[in-house]
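Accompanying notes for the structure given below.
Residue numbers (my numbering): 3 to 62.
Shown next as structure tokens:
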């Protein structure tokens with residue numbers, strides 16, 4: 003894998019929560035996400051995109 007970003011950076015980029023990004027990674031909805039071991043941070047490819055049909059959260 004080339005450069006990777008974390009869940010927080012991915013979440014900010016696409017307007018979702020870090021918890022949602024972690025869930026997508028666990029469910030395999032973002033290809034090529036990986037962890038060093040269970041419970042460690044997710045490594046997401048820098049060019050990854052959210053799953054089709056995701057909804058950006060509304061800003062209050």
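Beta carbons are placed, not taken as given, at the ideal position from N, Cα and C, and that holds for glycine.
Small disclaimer: the values here were computed from a predicted structure and weren't measured.
Proximal residues to residue 6 (C-beta, below 8 Å), its chain only, five neighbours per side dropped: If you number the chain shown from 1, residue 6 lands on position 4. Within the same chain, residue 6 has close Cβ partners 45, 46, 47, 48.
Within the same chain, show all residues whose beta-carbon is closer than 7 Å to that of residue 20, passing over the 5 residues directly before and after it, in chain order. Mapped onto the chain shown, residue 20 falls at position 18. Only 9, 10, 13 meet the Cβ criterion.
9 Å Cβ cutoff met for residue 26 and residue 43: Stepping through the chain shown from its first residue, residue 26 is reached at position 24. Stepping through the chain shown from its first residue, residue 43 is reached at position 41. Contact: no.
Return the first residue and the last residue of the alpha helix (DSSP H) that residue 20 is part of. Walking along the chain shown from the start, residue 20 turns up at place 18. Per DSSP, residue 20 belongs to the alpha helix (DSSP H) from 20 to 28.
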